[in-house]
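Going by UniProt numbering, 224 is the number at position 224 of the sequence shown; the sequence numbering is gapless. All C-beta atoms in this analysis are idealised placements derived from N, C-alpha and C, irrespective of residue type, glycine included. Below is one structure, written out as structure tokens; the observations come after it.
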Amino acid sequence: MPTDMKIALVTGGSSGIGFAIARKMTALGMRVIIAGRRKDALDRAVGELGANASGIVVDVSSPASLETLFSQIRIDFGRIDTLVANAGGGVHAPLGQITEAAYDQQFDTNVKGIVFTVQAALPLLRPGSSIVVVGSTSSIDPGPSMSIYGATKAAVRNLVRSWVSDLKGSGIRINIVSPGPTNTQSLRDGFGEHAEEGLAFLREKSPMGRIGEPEEIAEVAAFLASDAASYINGVELFADGGASQA
Numbered sequence: 001m002p003t004d005m006k007i008a009l010v011t012g013g014s015s016g017i018g019f020a021i022a023r024k025m026t027a028l029g030m031r032v033i034i035a036g037r038r039k040d041a042l043d044r045a046v047g048e049l050g051a052n053a054s055g056i057v058v059d060v061s062s063p064a065s066l067e068t069l070f071s072q073i074r075i076d077f078g079r080i081d082t083l084v085a086n087a088g089g090g091v092h093a094p095l096g097q098i099t100e101a102a103y104d105q106q107f108d109t110n111v112k113g114i115v116f117t118v119q120a121a122l123p124l125l126r127p128g129s130s131i132v133v134v135g136s137t138s139s140i141d142p143g144p145s146m147s148i149y150g151a152t153k154a155a156v157r158n159l160v161r162s163w164v165s166d167l168k169g170s171g172i173r174i175n176i177v178s179p180g181p182t183n184t185q186s187l188r189d190g191f192g193e194h195a196e197e198g199l200a201f202l203r204e205k206s207p208m209g210r211i212g213e214p215e216e217i218a219e220v221a222a223f224l225a226s227d228a229a230s231y232i233n234g235v236e237l238f239a240d241g242g243a244s245q246a
């Protein structure tokens, strides 16, 4: 591997937005590590990404699993130039139908997972490196049945507000890209048998008359990670066609 090749880690990188970000970064000439819970999905994604990609199994809700991940990266690469903390998910449940299991699942992955992913990565990040957290417009506009998911994303936004001060003097930047509804299988799965009605509602809500594509979110994440964004730090950048502002 060339010594000047940048190293990127993308959690939740085997599908959806995470995979699109990983593909964009490999296209930019980076050495990309994708991490996720399912080895079969990681293997398929690595096969599509090509020779400059590798996959490592991790459960971001487990600090012990994260320690194994970063120990392996330290051995194999010695550093990380870009961390994309993307792993997360949501469960539709209106008030009155929220279960403890769904609550725990979302907070463990979306909040605890972000906290300990970023914290465990710090020793491998150098001055000039960048952290991009994938949030959601649900941080300000969760909509019906997504209160818990929205709460997790609002929590992440406030974590970053604090961390940008904690990282003062380190030379490490941290920002959030918050997508609106994006054309992924997980979005469709979330609506279940009402997928078409749900997608129609989201298109109607959008000032642009459509939902986003994973590749569009990847472009924003790549920008925030790049030297072109060298003076952007601590922001939440909404990539949603204006839907959350309408």
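Three or more Cβ pairs drawn from the segment 170-179 and the segment 124-132 lie within less than 8 Å of each other, which places the two stretches in contact. In this structure, G36 lies near S14, with their beta-carbon atoms less than 8 Å apart. The DSSP assignment places 80-85 as complete runs of the beta strand (DSSP E) inside the segment 62-101, in order along the chain (cut-off: 3 residues).
In the structure shown, the three-state DSSP call for A155 is helix.
Boundaries for P142: no alpha helix (DSSP H) harbours it, and the DSSP string shows neither H nor E there. Considering only G180, G192, W163, T109, the residue with the shortest C-alpha distance to P207 is G180. The Cβ atoms of I21 and A221 lie closer than 8 Å to each other. The segment 88-95 and the segment 140-153 touch, with no fewer than 3 CB-CB distances between them shorter than 8 Å. Note: G212 is bridge-paired with T182 in the DSSP secondary-structure output. Judged by DSSP secondary structure, R126 falls within the beta strand (DSSP E) whose first and last residues are 125-134.
At the C-beta level, D108 and S65 stay beyond 8 Å of one another.
Between T184 and G16, the CB-CB gap stays under 8 Å. Exclusion of the five residues before and after A155 leaves V111 as the residues of its chain whose Cβ lies within less than 6 Å of its Cβ. The C-beta separation of G135 from P142 comes to about 12 Å, leaving the pair out of contact by the 8 Å criterion. In this structure, L49 and V58 do not form a Cβ contact; the two beta carbons are roughly 17 Å apart against a cut-off of 8 Å. A distance below 6 Å between beta-carbons, with the five flanking residues on each side excluded, links G190 to the following residues of its chain, in chain order: H92. Around E213, the same chain offers N183 as residues with beta carbons nearer than 6 Å, after the five sequence neighbours per side are excluded. In the DSSP assignment, E236 falls within the unbroken beta strand (DSSP E) covering 236-239. Excluding sequence positions up to five before and after G18, its CB lies within less than 6 Å of the CB of V10, G12, N86, all in the same chain and listed in chain order.
A residue is called buried when at least 16 other Cβ atoms come within 10 angstroms of its Cβ; R79 does not meet this threshold and is exposed. Exclusion of the five residues before and after L42 leaves S14, I34, G36, G55, V57 as the residues of its chain whose Cβ lies within less than 7 Å of its Cβ. When DSSP states are grouped into helix, strand and coil, S54 belongs to the strand group. In this structure, A8 places its C-beta atom within 8 Å of the C-beta atom of V32. Secondary structure at N233: coil, using DSSP grouped into helix, strand and coil.
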